[in-house]
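Q:
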Amino acid sequence: MKRLILKIAILAATISLSCSVQALELNSAAPEFSLPKLASTQRGSLSEYRGKVVYLDYWASWCAPCRTSFSLLEKFYQAKKGEGFTIVAINMDEDIEAAQRFLQLYPASFDILRDADAKWADTYGIETMPTSFIIDKKGVIRHIHNGFVKDDMADIEKIVTQLLAEK
Amino acid sequence: MKNLSLKIIGILTVLVSLSACTPVKPWERGNLALPQMALETDAHEAALRIHAFHSKEGSSGGYGGGGGGCGCN
Numbered sequence: 047m048k049r050l051i052l053k054i055a056i057l058a059a060t061i062s063l064s065c066s067v068q069a070l071e072l073n074s075a076a077p078e079f080s081l082p083k084l085a086s087t088q089r090g091s092l093s094e095y096r097g098k099v100v101y102l103d104y105w106a107s108w109c110a111p112c113r114t115s116f117s118l119l120e121k122f123y124q125a126k127k128g129e130g131f132t133i134v135a136i137n138m139d140e141d142i143e144a145a146q147r148f149l150q151l152y153p154a155s156f157d158i159l160r161d162a163d164a165k166w167a168d169t170y171g172i173e174t175m176p177t178s179f180i181i182d183k184k185g186v187i188r189h190i191h192n193g194f195v196k197d198d199m200a201d202i203e204k205i206v207t208q209l210l211a212e213k
Numbered sequence: 031m032k033n034l035s036l037k038i039i040g041i042l043t044v045l046v047s048l049s050a051c052t053p054v055k056p057w058e059r060g061n062l063a064l065p066q067m068a069l070e071t072d073a074h075e076a077a078l079r080i081h082a083f084h085s086k087e088g089s090s091g092g093y094g095g096g097g098g099g100c101g102c103n
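Right under this line is the structure:
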């Protein structure tokens, strides 16, 4: 009986401790995802963008800083897309219509995918909205950015420019 | 006696792990971010009150976080 109680206690403690999210580390390979596109029936995967510097952005329509980031990111994308830079935004809204309404207000021409089951958000260890990853041409995570304020754009531009210069 | 305390520890551990509290993932905070979920009904009035308190007391902070839980403001 004593052993049984001890076993139950250890099991319960293990279950309650196993809920933590393991975030990705810098300089580790970005997990290869395949997700449906928001505006079409096609799918998008990370390997499609290999050889480009990728700004991977997890966002949701209700996230206030995403309203700031989207217009700035769109401008930056337009300026740098010819140099081997791309933005992949992964939407996390439960309601797809909310995401569509957001995009009418803040239009974006870069690829927008949808992770409705939050499978990849968990793998990427998302802790805030938005969270973005700057991935180099070889598919390695070189920068992780939590949240977004207008002034962050200068740092992002600097990092992307450095990575674009790498072979 | 030893047996009883072991039982109590076991039961308490099970009860703690059975609690209804669960961490809300960042992408599940859409409803928490709605304006009607704010603790203050009028954000402008609250800001004014906090400003007056700060001026009178020379201290600020401890009023909770902004943004309804997206963890980024």
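Protein chains in written order, with our numbering: chain A, 47 to 213; chain B, 31 to 103.
Every residue, glycine too, gets a C-beta built ideally from N, C-alpha and C.
#1: Under a CB-based cut-off of 8 Å, is residue 63 of chain B close to chain A?
#2: Specify whether the stretch 138 to 147 of chain A and the stretch 115 to 123 of chain A touch according to this definition: at least 3 beta carbon pairs, one from each stretch, less than 8 Å apart.
#3: Taking the beta strand (DSSP E) that residue 105 of chain A belongs to, which residues open and close that run?
#4: Could you tell me whether any non-hydrogen atom of the ligand PLP is closer than 7 Å to the CB of residue 57 of chain B?
#5: Would you call the stretch 193 to 211 of chain A and the stretch 105 to 115 of chain A touching, i.e. three or more CB-CB distances under 8 Å?
#6: Residues of chain B with CB under 9 Å from residue 139 of chain A, in chain order?
#7: Let's see if you can read the secondary structure: which residues bound the beta strand (DSSP E) around residue 90 of chain A?
#8: Quick check on residue 53 of chain B: does DSSP put it in helix, strand or coil?
#9: What first and last residue would you give for the alpha helix (DSSP H) that runs through residue 111 of chain A?
#10: For the stretch 170 to 189 of chain A, which residues have a beta carbon sitting closer than 7 Å to at least one beta carbon of chain B?
#11: Any beta carbon from chain B within less than 8 Å of residue 108 of chain A's own beta carbon?
#12: Could you tell me whether any Cβ in chain B is nearer than 8 Å to the Cβ of residue 69 of chain A?
#13: In chain B, which residues lie less than 7 Å from residue 164 of chain A when you measure between Cβ atoms?
#14: Quick one: which chain B residues come within Cβ less than 7 Å of residue 167 of chain A?
#15: Evaluate residue 177 of chain A with the Cβ neighbour count: other Cβ atoms within 10 Å of its Cβ, from every protein chain shown; 16 or more gives buried, anything less gives exposed.
A: Well, looking at it:
#1: yes
#2: no
#3: 99 to 105
#4: With respect to small molecules bound, the structure shown includes none, and the ligand PLP cannot be examined in it.
#5: yes
#6: 57 and 60
#7: 89 to 91
#8: coil
#9: 110 to 126
#10: 172, 173, 174, 175 and 176
#11: yes
#12: no
#13: 55 and 57
#14: 57
#15: buried
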